[in-house]
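Numbering (the UniProt record's numbering), first residue to last: 1 to 293. Here's the structure we're looking at; comments come further down.
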Amino acid sequence: MVRPADYIHPEDEAARRNMEAIPGFAAAMKLFMRYYDEQIVHGMNMANKIRLSPTQLPEIYQKLPPICQRLSISEPEFYLEMDPYPNAYAMGDTRTMVTVTSGLLEYLTDEEVSSVIAHECGHIACRHMLYHTLASTLLRNIERMGILGNAVMPVYWALQYWSRRSELSADRAGAVALGSIEKVVEVQLRLAGGPREITQNVNVEEFVKQADYYDTLQNNTWDKLLQNYAILGASHPFTAIRVREILKWGKTEQCQRILKNIKLEQDGLICPNCGKPLEKDWIYCKHCGFKLK
């Protein structure tokens, strides 16, 4: 069984610790938990979107269960939203909800859609949802908060900084769920460059060099200031950075071991629960008792 600790990006963990140490962060969280109600979001989703299930657009829904099983999470509520922009997002904490847009389904292939769903489920597996939901709520309401809005701005910027790092962990989770680094890269290239007919010919090494060049802009004080300002309120890192980071992780012994074990699980050679060798005729793992068939 693969655990989030096996793939969480170190910058994600470091940014979270720094964020939680900010004066006033604990108070902001307490205030948020006092007034935020997941039932509101649930009700709006049920009223305005199509909830996917085994009996409602099962051809889309069926992508979700194997991803949740791989990441060892309970199935979130799964919704389809009318929006021509290709997007997906997760909300909630104790009641988790994943939404995909009609534009995403039209634009990406089935495998690419699965990769995006796996990414969103990765946020759930990594326990990102509480802070992501707080950031989203602040973004929608901060202008109406007046003086209080100014007071919580440091918390908001810290949340966005952490959010960008958390995306790197979710990219890794997507690779774990699908057993492939390539699909994660493929989706990022599609979202950066357009139709598959074009992006399938992209030189990935050259694209990664763009991320390296971007890093050199941090060497000049003025350029660094401009670039930091450009990304200050962004919730996601730039695409070239994400591609470089997932490819870098794909070369590590840790990632290669995880993907190898996933392949062995898929072939029925090791137990998905305890990771020990199996015999072909076993119904239960004789090492840990996990039901196999």
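Think of the CB as a built atom: it goes at the ideal place given N, C-alpha and C, for glycine as much as any other residue.
CA-CA distance, residue i and residue j?
i, j, result
"residue 219", "residue 227", "11 Å"
"residue 157", "residue 199", "33 Å"
"residue 97", "residue 273", "26 Å"
"residue 286", "residue 22", "49 Å"
"residue 1", "residue 133", "28 Å"
"residue 284", "residue 211", "47 Å"
"residue 225", "residue 165", "19 Å"
"residue 255", "residue 263", "12 Å"
"residue 189", "residue 239", "8 Å"
"residue 87", "residue 100", "6 Å"
"residue 140", "residue 217", "31 Å"
"residue 70", "residue 41", "27 Å"
"residue 82", "residue 44", "14 Å"
Going by beta-carbon coordinates alone, are residue i and residue j separated by less than 8 Å?
i, j, result
"residue 169", "residue 12", "yes"
"residue 9", "residue 172", "yes"
"residue 202", "residue 244", "no"
"residue 303", "residue 183", "Summary: the structure shown does not reach residue 303, with the chain confined to residues 1 through 293, and so no result is reported for it."
"residue 80", "residue 50", "yes"
"residue 119", "residue 174", "yes"
Should residue i be labelled buried (16 or more other beta-carbon atoms within 10 Å of its own) or exposed?
i, result
"residue 269", "exposed"
"residue 48", "exposed"
"residue 72", "exposed"
"residue 74", "exposed"
"residue 232", "exposed"
"residue 271", "buried"
"residue 20", "exposed"
"residue 68", "buried"
"residue 84", "exposed"
Starting from residue i, follow its DSSP beta bridges and name the residues at the other end.
i, result
"residue 56", "53"
"residue 270", "277"
"residue 284", "291"
My parser needs the alpha helix (DSSP H) runs of 4 or more residues fully inside the stretch 58 to 114; what are they? 58 to 61, 64 to 71, 102 to 107
Just list the alpha helix (DSSP H) runs in the stretch 182 to 221, keeping only unbroken ones of 4 residues or longer that don't cross its boundaries, in chain order. 182 to 193, 196 to 199, 204 to 216
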